[in-house]
Structure formats: structure tokens, C-alpha cells
Amino acid sequence: MAERRINNMEKIRTAVAQDLLSGRIDLLLGWEKGLYWWQSRPLFARNSEDLQRLTWDSFCVANLSGYLQEELKENKKIGILLKGCDSRALNRLVQDQMVDRERVVAYGLPCPGLLDPRLLKQEAGLELTALGIEEGEDRVTLTGTKGKSIAREELLLEKCRRCHHPDPVGCDQLLLPPVGSREDRSRFHQVTRLEEIPAEERFAYWSSQFERCLRCYACREACPCCSCRECFVEQEEPRWLGKAHENSENFIYHLTRAFHSAGRCVECGECQRVCPVELPLMELSSKIIKDINELYGEYQAGLDTEQDPPLLTYQPDDPAAFVE
Ligand code: SF4
Ligand code: SF4
Ligand code: SF4
């Protein structure tokens, strides 16, 4: 496995180096190792020295497509490494006309799923600093314990355990062999569990969650769907949201954001990952995805750029019970 990973890394580096060094792209968005082994952070590579730090491992979680809009102001053409979920985000940005696809070279990385450091810590019963891992094809061994070995699938991030499309879509080049679709995974089990709770309890659940929100707006900043030039939370005329830290205002923020991303959420999980108080934001987006699928037919944002989102189209037989 270690050898395959090194070979994969060389393959990826060689492919992107050709384009960066020949000037086909001015910048490569990828990942490099962070301070700790369980962290891989965004890399902005401009030359061969930067490329030496490029990494592709089980912790490359950041969706780099969120950097494109800003970086395209400074660079003519950008290369970007994309996992399945990230590629859907790029497609969404292109569909929203927020990113000019002609100025992007998309390199797809078929994705075996990313490991969740919190689950690793929980399984080991140790701080991550006292732990290491060895990754096999289907199992992960926790070094630092007495060699505890766990099925890889059980250690994946929540979004990866639900992911149906680990292979990137619409890329210019796939850098590794496809891993195949995973439609056997359950996408909505968490939503179904919440739907079964009586309405009052569900309200209490969300109320206690939203109460913890700091309104730092990191979830909005990280979201590839939140691409409005001016967000409603900053509008003064009219003012939609007060500045006071009140739960009613937090409800307005979260419900409005959820509706604004309805039919556009690509399930990348960035909103939930960056939240400093760990709000389960994907439960909310998943509920809306599930409802849209049930009302208007199956639709997965960012998979097919030719297909219009259901909320931007009208069919005479669309259900309308909720407006009657
Ligand atoms: S959601 Fe899918 S594509 Fe994205 S990181 Fe997880 S397994 Fe990979
Ligand atoms: S990132 Fe978390 S705390 Fe910040 S606004 Fe979003 S939900 Fe609230
Ligand atoms: S709402 Fe969350 S999961 Fe959906 S696209 Fe935005 S960041 Fe990704």
C-alpha cells in the first residue's frame, strides 16, 4: 500500500508538473501536509519547489474549488486537484457562472474516502499525538495501540460513508484509475432518523443546535454554493438579519441559507467541517435534498452541468400542495 501511494504521488506530480512548468497553468491548487500527520492543508503551487510538497492522502479534505473565484482574479489559468465531491462543486460554480471553465484545468482524483481523525482518536482511546496509522487496502491499523485493526469504511468521514460518487465528474484528466460508484451507501439514514422524531422534539433539537451558533459565517465562506456577490446577512437595505446573538436570528440565518443552497448543495461537507462548534449542518442540507428528490424527482447537484436544478425549472405537474 505504501509503495502504491508513493507511485500514485509520483504519477500525480509528474502530470501536474508538466502543465505548471510549461506555463499551461499559472497556479496549481492541491494539498500539502500540515503540522500533524492527520492534517493536510491547501497548497498553492507556483513552481517545482512548491510541487515537492504536494500530497494526496487520506486527510486531503479541503474542497479547493472554493479558492477559484479569488485566485482567478490574479491568475490567467489554474490547475486544480478534485475529488468526486469537489468536482461537483466546480461544476456547480461553472453552472452558476461564477467560474469560467475555460480558465481551469481540472485534474480528477478518484477517491477511496477520507479518514476521520475524531473516529481514529475514539477507536484508539488515545490522543492523536500518541497515535499513528498504517493503511491497508480495506483496513487501517492503529499503531500506538496493540495493533488494533479496523475496517477502513468504519473510519471514514461521515460525508464519505454516504458518498455515491467518489469518482470525479467532468474533469479534463483523471490522474488515477476510477474507484467506481458507491450507490450501495445509505445517503439519508440520519435524515430519516430525524424525520421520525415528533415535531416538537425536532424543534427542540434544532433550537439547541442553533443556540450554539456563533454566526462566524465560516460555513458560508467554505460553501461552494454560497456564491452570491452580496449575502443576505450583510444587506442593509433591507436588513434581513439583526446583529444581536439571539436564537431567533440564528434560525433565520440557517433556514435562509439552507433554502438558498436548496437544489445546489453538492454534499461536500465543508460547512460542517469548518464549523468551530461542530453543528450538524449536513443534516439540514440532506433533509432538503431528500425533500427535493421526493417532490421533483432524483437530482444530484453538480453531476450533470446540462441538467437544470429542479428549483430553476417548472413542470405543469410539479406538486404545489405547499402553496395552496
Ligand atoms: S465525499 Fe466522496 S469524493 Fe468526497 S472525499 Fe468523501 S468519498 Fe471522496
Ligand atoms: S460555522 Fe458554525 S458557528 Fe459559524 S456561522 Fe456556521 S454554523 Fe454558526
Ligand atoms: S451546504 Fe455544505 S455540504 Fe452543501 S455544498 Fe455547501 S458546504 Fe458543501
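Start counting the sequence shown at 657; every next residue gets the next number (our numbering).
Just so you know, even glycine gets a beta-carbon here, dropped at the ideal spot from N, CA and C.
Handout entry: Per-residue DSSP class, three states only, for V922
Key = coil
Handout entry: Paired residues, beta bridge with W687 - DSSP
Key = Partner(s): P698.
Exercise for the section: Taking only heavy atoms of ligand 1 into account, decide whether any of them is closer than 8 Å to the Cβ of E923. Expected result: yes
Handout entry: Pair within 9 Å by beta-carbon distance, Q695 and P822
Key = no
Practice task
Have a look at T799, R838, L770 and flag the residue whose alpha-carbon is nearest the alpha-carbon of L813.
Solution key: L770
Handout entry: L798: first and last residue of the uninterrupted beta strand (DSSP E) it sits in
Key = 795-799
Problem - Coil, strand or helix - S805 by DSSP - result: strand
Practice task
Output the distance between the C-alpha atoms of A807 and V835, rounded to the nearest integer angstrom.
Solution key: 17 Å
Exercise for the section: For A745, verify whether its CB is less than 8 Å away from any heavy atom of ligand 3. Expected result: The answer is yes for A745.
Exercise for the section: For I662, count neighbouring C-beta atoms within 10 Å of its own C-beta (all shown protein chains included) and say buried if the count is 16 or more, exposed if not. Expected result: exposed
Problem - One or two residues paired with Q829 in a DSSP bridge - result: DSSP, once it has assigned bridges, lists Y763 as partnering Q829.
Problem - Rounded Cβ spacing between G788 and T799 (contact assumed at less than 8 Å) - result: Taking 8 Å as the upper bound for CB-CB distance, G788 and T799 are in contact here, some 4 Å apart.
Practice task
Quick one: give me the first and last residue of the beta strand (DSSP E) that G788 is part of.
Solution key: 788-791
Exercise for the section: Helix, strand or coil for G958, going by three-state DSSP, please let me know. Expected result: coil
Problem - Those residues which DSSP pairs with G735 across a bridge - result: L684, V761
Handout entry: Supposed close pair E688, T711 - CB separation, criterion 8 Å
Key = 6 Å
Exercise for the section: Mind listing, in chain order, the continuous alpha helix (DSSP H) runs of no fewer than 4 residues lying wholly within the stretch 840-924? Expected result: 845-851, 855-866, 874-878, 903-916
Exercise for the section: Identify which residue in P894, P966, N906, A878 has its Cα closest to the Cα of R871. Expected result: N906
Practice task
Under 8 Å Cβ to Cβ from I908, same chain only, skipping five residues before and after it: list those, please.
Solution key: W896, L897
Exercise for the section: Consider the C-beta atom of V717 and the heavy atoms of ligand 1; say whether any pair is separated by less than 8 Å. Expected result: yes
Handout entry: Residue(s) in a DSSP beta bridge with L710
Key = E688
Exercise for the section: May I ask whether a heavy atom of ligand 3 can be found less than 8 Å away from the beta carbon of P698? Expected result: no
Handout entry: Any non-hydrogen atom of ligand 1 closer than 8 Å to L782 Cβ
Key = no
Problem - R818 Cβ short of 8 Å to ligand 3 heavy atom set - result: no
Exercise for the section: For the stretch 828-844 and the stretch 863-877, state whether three or more C-beta atom pairs, one from each stretch, are separated by less than 8 Å. Expected result: no
Exercise for the section: Can you grab the Cα-Cα spacing for the pair T961 / Q751, in whole Å? Expected result: Rounded to the nearest whole angstrom, the CA to CA distance from T961 to Q751 is 6 Å.
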